[in-house]
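Have a look at the structure below before the remarks.
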Amino acid sequence: MQTTSSKRGNRRRFGVLTGILVLVLALVAAACSSSDGDSGSDGDSGSDDGGPVTLRVAMGSPGEAQIAVWEAAKVSFEASNPNVTIEYNFQDDDLYETIGLPNLLNGGDAPDVYFEWAGERLQNRYNEGFVADITDAVNDGELGSYFDAGAYNGMVIDGKNVMVPGNADVTTVMWYNVDIFSELGLSVPTTWDEMITASETIKAADIVPIAIGNKDLWPVGNWASHILSRAIGEETYDKMLKQEIPLDAPEVVAGMGYIVELQETGIVNESANAIDDNEGAELFFQGKAAMHPIGSWLVSWAIESAPDLNFDYFNLPAMEGEGTQDSVIAVATGYVVNAKSDHIDVAVDFLTLFSSPEFTGQMVEAGGTPLATGALDRDDIDSRTLSLMEMMQSAGALVAPPDTGYDIEVADALYAAEAEVLGGVSTPEEALAVAQAKLGG
Amino acid sequence: MRAHRWFTPYLLVVPALALFTFAVLGPVMATGVFSFYEWDGFGVFTPVGFDNYVRAISDPIFRASFVHVAIYIALTIVLEVGAGLFLAGMVTSRPKGTGFFRVAFFIPVMLPLVVVAVVWGFVYNPDFGLINGALEAIGLGSLTNVWLGDTRTALIAVSIVSGWVFAGFFMAIFYAAINQIPSEISEAARIDGASEIQTFWKVKVPMIRNVIEIAILLAVTGGFQSFDLFFVLTNGGPYGATEIPTTYLVKVVFRNQNVGYGSAMAMVMTATVLAMGAVYMWVRKRADVEGGTA
Numbered sequence: 439m440q441t442t443s444s445k446r447g448n449r450r451r452f453g454v455l456t457g458i459l460v461l462v463l464a465l466v467a468a469a470c471s472s473s474d475g476d477s478g479s480d481g482d483s484g485s486d487d488g489g490p491v492t493l494r495v496a497m498g499s500p501g502e503a504q505i506a507v508w509e510a511a512k513v514s515f516e517a518s519n520p521n522v523t524i525e526y527n528f529q530d531d532d533l534y535e536t537i538g539l540p541n542l543l544n545g546g547d548a549p550d551v552y553f554e555w556a557g558e559r560l561q562n563r564y565n566e567g568f569v570a571d572i573t574d575a576v577n578d579g580e581l582g583s584y585f586d587a588g589a590y591n592g593m594v595i596d597g598k599n600v601m602v603p604g605n606a607d608v609t610t611v612m613w614y615n616v617d618i619f620s621e622l623g624l625s626v627p628t629t630w631d632e633m634i635t636a637s638e639t640i641k642a643a644d645i646v647p648i649a650i651g652n653k654d655l656w657p658v659g660n661w662a663s664h665i666l667s668r669a670i671g672e673e674t675y676d677k678m679l680k681q682e683i684p685l686d687a688p689e690v691v692a693g694m695g696y697i698v699e700l701q702e703t704g705i706v707n708e709s710a711n712a713i714d715d716n717e718g719a720e721l722f723f724q725g726k727a728a729m730h731p732i733g734s735w736l737v738s739w740a741i742e743s744a745p746d747l748n749f750d751y752f753n754l755p756a757m758e759g760e761g762t763q764d765s766v767i768a769v770a771t772g773y774v775v776n777a778k779s780d781h782i783d784v785a786v787d788f789l790t791l792f793s794s795p796e797f798t799g800q801m802v803e804a805g806g807t808p809l810a811t812g813a814l815d816r817d818d819i820d821s822r823t824l825s826l827m828e829m830m831q832s833a834g835a836l837v838a839p840p841d842t843g844y845d846i847e848v849a850d851a852l853y854a855a856e857a858e859v860l861g862g863v864s865t866p867e868e869a870l871a872v873a874q875a876k877l878g879g
Numbered sequence: 015m016r017a018h019r020w021f022t023p024y025l026l027v028v029p030a031l032a033l034f035t036f037a038v039l040g041p042v043m044a045t046g047v048f049s050f051y052e053w054d055g056f057g058v059f060t061p062v063g064f065d066n067y068v069r070a071i072s073d074p075i076f077r078a079s080f081v082h083v084a085i086y087i088a089l090t091i092v093l094e095v096g097a098g099l100f101l102a103g104m105v106t107s108r109p110k111g112t113g114f115f116r117v118a119f120f121i122p123v124m125l126p127l128v129v130v131a132v133v134w135g136f137v138y139n140p141d142f143g144l145i146n147g148a149l150e151a152i153g154l155g156s157l158t159n160v161w162l163g164d165t166r167t168a169l170i171a172v173s174i175v176s177g178w179v180f181a182g183f184f185m186a187i188f189y190a191a192i193n194q195i196p197s198e199i200s201e202a203a204r205i206d207g208a209s210e211i212q213t214f215w216k217v218k219v220p221m222i223r224n225v226i227e228i229a230i231l232l233a234v235t236g237g238f239q240s241f242d243l244f245f246v247l248t249n250g251g252p253y254g255a256t257e258i259p260t261t262y263l264v265k266v267v268f269r270n271q272n273v274g275y276g277s278a279m280a281m282v283m284t285a286t287v288l289a290m291g292a293v294y295m296w297v298r299k300r301a302d303v304e305g306g307t308a
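For the record, the sequence lines run as chains A and B. Residue numbers in the first sequence follow my numbering, run continuously in steps of one, and reach 879 at the last position. Residue numbers in the second sequence follow my numbering, run continuously in steps of one, and reach 308 at the last position.
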């Protein structure tokens with residue numbers, strides 16, 4: 439039996455222990471809140487009126503060649519603005535797209551300028567308050583003179599310019615091995631049926647007609663979604679991805695018939711869903727596959743990895759469907775000024791310099807496809823890159839890829855369904871019903 | 015000599031408690047709080063009560079991921095613990111000349127799992143890979159397969175890689191345990207006519223039973239923590255056949271930016287692992303009691 443004094447002692451010890459625990463939690467909380475307190479782009483102090491300014495710029499790594507252009511812009515800007523120091527944060531692409539940017543924007547030393555995709559992602563950043571209105575700079579400043587009005591497609595929200603255009607990428611065209619096509623006497627297909635016929639000829643020659651690496655689902659996701667948009671029409675495609683109609687709507691199920699045809703004819707590599715996009719490209723680079731559906735970034739990649747490869751591209755051939763049959767699936771990217779930055783004017787000035795003909799030209803040399811005017815006028819641009827940009831500008835319709843233009847959960851569900859149909863493990867009805875169920879029915 | 019003050023022990027644990035709070039308790043509590051909100055990692059928190067838990071329990075992919083990890087754990091108990099025990103038996107059967115093998119079997123443990131996964135990705139590659147290449151070379155081309163792209167083989171293929179890595183780890187543990195057994199016991203068994211295999215299975219293995227149980231517990235809890243191999247080799251594919259809770263959680267949180275829902279999944283996963291640990295403790299305690307009264 440405990441005595442009164444021992445009970446009192448226990449209570450006192452319990453009180454002290456509780457106090458220590460509270461103290462520890464307070465210390466941890468203080469540590470966390472102090473780091474929060476430093477967050478935002480004002481952590482470095484400084485101002486735009488002559489005091490020292492650190493301008494932080496964040497993006498997924500654009501590769502060594504383009505990083506060199508950014509470094510050159512930094513040197514130039516710092517030379518004419520001695521109080522400004524520019525700090526770059528180049529992250530791994532996938533890391534930046536997923537965890538990287540959220541952590542940067544919410545953490546200490548948030549970027550003043552960051553890379554983003556136009557469309558749904560930009561809208562989300564806008565809703566969250568991380569997007570500055572740069573309309574005045576576009577309308578009245580030097581920045582606006584570097585872009586045509588069309589370059590801002592998808593970058594205007596609520597009537598405000600909220601993004602400085604960066605690059606435009608065609609996310610999927612059909613790259614083909616010119617030598618294989620010549621040897622087999624094939625011409626570039628202009629219709630879906632011609633592409634299937636050509637593929638069967640290639641297959642008969644013991645060459646994989648179409649190679650793709652879809653382990654991460656987006657390569658087939660982009661390609662099959664473009665096919666789907668051609669089949670069901672851009673309007674229905676848009677409604678489907680905005681969930682105004684379900685993924686398993688009858689017209690969508692019917693549109694997936696083209697993916698079924700790819701599977702049944704066996705013209706896509708059997709390993710498609712087991713290998714990643716790099717391995718898929720490798721099959722094309724090594725001449726084991728005659729065609730490879732992927733984006734415009736293949737040009738600089740192929741020149742470096744397979745310098746002897748004789749390759750060119752054709753857009754998705756016309757098919758019987760409701761969509762615009764010369765549509766192009768493409769994504770625009772650009773640079774956003776953080777609304778929470780203390781250096782919005784400096785950030786705009788820097789992006790103005792970077793968009794100037796001097797650095798636009800350097801970006802073209804580095805394999806980029808800038809949206810700035812004048813980028814197409816250069817002599818040293820790769821003919822295929824030039825052709826892709828011209829195709830994009832003259833396209834009857836531009837289709838946004840599901841994963842950058844729409845809700846990512848809807849995109850993922852659709853991509854999984856397309857992979858299953860291409861792999862022959864589900865019918866369109868089954869795959870799309872499961873996909874819709876993932877989204878809550 | 016005067017006794018120390020009664021609160022001294024409490025003060026001494028403050029640094030450890032602070033570290034534990036910062037590194038474990040705080041994040042767990044934060045995850046628990048996040049799980050009751052809809053939050054994308056950027057914007058406002060919207061309270062949703064238990065909706066995220068209801069969604070997790072009714073999510074077929076999340077439920078299937080537990081089935082996949084259970085199969086994976088079952089396979090790794092054989093391929094890691096079982097193989098480790100077998101290797102330990104081999105290297106302890108002779109007192110000398112096994113150093114090379116011990117080092118060789120342990121080397122995979124020292125390699126980063128991402129590196130291991132990339133290397134095995136080449137081995138399994140259906141177009142350029144070692145396995146299919148070897149099968150073709152010896153005239154068994156009909157046996158080639160898309161190992162990581164076939165729902166029937168993908169999970170087994172990942173488990174084999176896991177076994178290749180961790181069998182050496184468990185071998186090292188069992189090797190140390192077996193070497194603690196007094197040599198007189200093994201010698202007595204041999205004098206009584208027991209073969210090397212009989213000595214191993216009927217003398218050594220029963221004497222390291224506790225270590226084997228711990229190894230199985232490590233394999234089970236480690237199975238739930240698996241991520242690297244699955245992420246690099248299959249990323250949950252093909253068609254979700256190798257989706258385990260961690261890979262799915264990463265997709266939900268980092269790709270879909272659904273931190274609230276992912277937090278609820280993490281809490282369910284944590285509760286599952288803790289429950290399994292509790293069951294193990296209960297079974298262990300009960301076995302000890304029964305062993306004591308027998």
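All C-beta atoms in this analysis are idealised placements derived from N, C-alpha and C, irrespective of residue type, glycine included.
Could you pull the start and end residues of the alpha helix (DSSP H) that residue i belongs to?
| i | result |
| --- | --- |
| Y189/B | 168–193 |
| E884/A | An answer regarding residue 884/A cannot be provided, because it is not within the stretch 439 to 879 covered by chain A. |
| R668/A | 656–670 |
| P500/A | No alpha helix (DSSP H) holds P500/A; DSSP gives it neither H nor E. |
| H18/B | Segment: none, H18/B is in no alpha helix (DSSP H) and carries neither H nor E. |
| I782/A | 782–792 |
| A728/A | No alpha helix (DSSP H) contains A728/A, which is instead part of the beta strand (DSSP E) from 727–732. |
| P490/A | Run containing P490/A: none; DSSP gives neither H nor E here. |
| I713/A | No alpha helix (DSSP H) holds I713/A; DSSP gives it neither H nor E. |
| G627/A | With the sequence shown as reference, residue 627/A is identified as Pro, and Gly is not the correct amino acid for it. Premise fails: P627/A is in no alpha helix (DSSP H) and is neither H nor E. |
Might you give, ordered along the chain, the residues of its own chain that have their beta carbon closer than 8 Å to the beta carbon of residue i, omitting 5 neighbours on each side?
| i | result |
| --- | --- |
| K677/A | I683 |
| S200/B | T213, V217, K218 |
Excluding the five sequence neighbours on either side, which residues of its own chain have a C-beta within less than 7 Å of the C-beta of residue i, listed in chain order?
| i | result |
| --- | --- |
| D73/B | none |
| E689/A | I670, T674 |
| A854/A | L655, A873 |
| A636/A | L624, P627 |
| N521/A | G488, G489, P490, V491 |
| Y590/A | N599, P603 |
| N917/A | The requested residue 917/A is not part of the displayed model; chain A covers only 439 to 879. |
| E304/B | none |
| V129/B | none |
With a cut-off of 8 Å on the beta carbons, I'd call residue i and residue j a contact; round off their distance for me.
| i | j | result |
| --- | --- | --- |
| R494/A | V774/A | Between V774/A and R494/A the Cβ distance is about 13 Å, and since that is not below 8 Å, they are no contact. |
| T703/A | I634/A | 6 Å |
| R822/A | V737/A | 5 Å |
| M804/A | A506/A | The amino acid occupying residue 804/A in the given sequence is Ala; Met does not appear at that position. Between A506/A and A804/A the Cβ distance is about 7 Å, and since that is below 8 Å, they are a contact. |
| G274/B | S107/B | G274/B to S107/B, Cβ: 55 Å. No contact. |
Quick one: give me the first and last residue of the beta strand (DSSP E) that residue i is part of.
| i | result |
| --- | --- |
| E554/A | 551–555 |
| Y751/A | 749–752 |
| I524/A | 522–529 |
| T610/A | Segment: none, T610/A is in no beta strand (DSSP E) and carries neither H nor E. |
| P540/A | P540/A -> not in any beta strand (DSSP E); alpha helix (DSSP H) instead, spanning 539–544. |
| I767/A | 766–775 |
Give the single residue among the options whose Cα lies nearest to the Cα of residue i.
| i | options | result |
| --- | --- | --- |
| A496/A | E535/A, G567/A, Y552/A, Q504/A | Y552/A |
| V859/A | D817/A, P731/A, A710/A | A710/A |
| L824/A | D845/A, A740/A, Y844/A, V802/A | V802/A |
| K876/A | T865/A, I846/A, V863/A, D607/A | I846/A |
| Y253/B | A202/B, G182/B, A168/B, T284/B | A168/B |
| Y526/A | A517/A, S518/A, G498/A | G498/A |
| A289/B | D302/B, N270/B, L231/B | L231/B |
| V611/A | V766/A, W630/A, F749/A | V766/A |
| S793/A | M601/A, D644/A, D780/A, Q529/A | M601/A |
| Q763/A | T629/A, I640/A, E708/A | T629/A |
For the ligand GTP, is there any heavy atom lying closer than 7 Å to the beta carbon of residue i?
| i | result |
| --- | --- |
| E720/A | Here there are no bound small molecules, and the ligand GTP is not part of this structure. |
Can you find the residues in the same chain that come closer than 6 Å, C-beta to C-beta, to residue i, ignoring five residues on each side of it along the sequence?
| i | result |
| --- | --- |
| G718/A | A649, I650, G651 |
**Request:** Enumerate, from N- to C-terminal direction, the unbroken alpha helix (DSSP H) stretches of 4 or more residues contained entirely within the stretch 224–257 of chain B.
**Result:** 242–247
**Message:** Could you tell me which whole beta strand (DSSP E) segments of length 3 or greater appear in the stretch 65–125 of chain B?
**Reply:** none
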